[in-house]
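Student: Please see the structure below; I have some questions.
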Ligand code: CUA
């Protein structure tokens, strides 16, 4: 085997890696039965969160045949509600806000991930195909028990 052959091998290996990375980024969520459709932001006064129609009593609301809205408060050091239950084959728009400091709302093993900033409402629309449990974690350091800040999204049949 001469050097030329080695170079060719490395080139092929590099190409395979690059294609693999791109596929991971593009189709990162495929196979998990989940797809992020949209994300955006809105504002909300953190002092009025308790009186807010949805965030005062957060939870899941059905808004269409297979469409749901999930209102979530990310706060030190938990998510309210802590378990978010949605049916399979549903399209769920998450609205997440914080009454205190910056958190994140991140579904483990997926590309569903948003920063949660006091005064802002982060929203993301996600399609859930199959029954499955997703862990929710906070990726923004938010104080002493940041590492304990966890929740669950349960996609049920
Ligand atoms: Cu909330 Cu880290």
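In this note's numbering, the protein residues as written are 1 to 157.
Don't be surprised by glycine CBs; every beta carbon is placed ideally from N, CA and C.
Since this is a predicted model, take the numbers as computed values, not measurements.
Within 10 Å of its beta-carbon, does residue 149 have 16 or more other beta-carbons around it, so buried, or fewer, so exposed?
Tutor: buried
Student: Provide the residue span of the beta strand (DSSP E) that contains residue 72, from first to last.
Tutor: 67 to 75
Student: To the nearest angstrom, how far is it from the Cα of residue 84 to the Cα of residue 54?
Tutor: Distance between the alpha carbons of residue 84 and residue 54 is about 14 Å.
Student: Beta-carbon separation of residue 107 and residue 60 under 8 Å?
Tutor: No, they are not a contact pair.
Student: Leaving out five residues on either side along the sequence, give the residues of the same chain with a beta carbon under 6 Å from the beta carbon of residue 74.
Tutor: Cβ within range, chain order: 96, 98, 103, 105 and 116.
Student: Indicate, with yes or no, if the ligand CUA has a heavy atom lying under 7 Å from the CB of residue 141.
Tutor: Residue 141 Cβ: within cutoff of the ligand CUA.
Student: Can residue 15 be considered in contact with the ligand CUA, in the sense that its beta carbon sits closer than 7 Å to one or more heavy atoms?
Tutor: no
Student: Measure from the alpha carbon of residue 64 to the alpha carbon of each residue in 91, 58 and 44, then state which is nearest.
Tutor: 91
Student: If the criterion is Cβ atoms closer than 8 Å, does the pair residue 100 and residue 81 meet it?
Tutor: no
Student: Once DSSP output is grouped into helix, strand and coil, what is the label at residue 6?
Tutor: When DSSP states are grouped into helix, strand and coil, residue 6 belongs to the helix group.
Student: Using 8 Å as the limit for Cβ to Cβ distance, is residue 72 near chain B?
Tutor: Reference to chain B is not applicable here, since this structure consists of a single protein chain.
Student: Does the beta carbon of residue 77 fall short of 7 Å from some heavy atom of the ligand CUA?
Tutor: yes
Student: For residue 149, which of helix, strand or coil comes out of DSSP?
Tutor: coil
Student: By Cβ distance below 7 Å, which residues in the same chain neighbour residue 179 in space, the five residues on each side in sequence not counted?
Tutor: Missing from the structure shown is residue 179; the chain here goes from 1 to 157 and no further.
Student: Output the residue ranges of the beta strand (DSSP E) runs that lie fully inside the segment 114 to 145 and measure 3 residues or longer, sorted by chain position.
Tutor: For the segment 114 to 145, whole beta strand (DSSP E) runs of length 3 or above, ordered along the chain, are 120 to 128 and 132 to 137.
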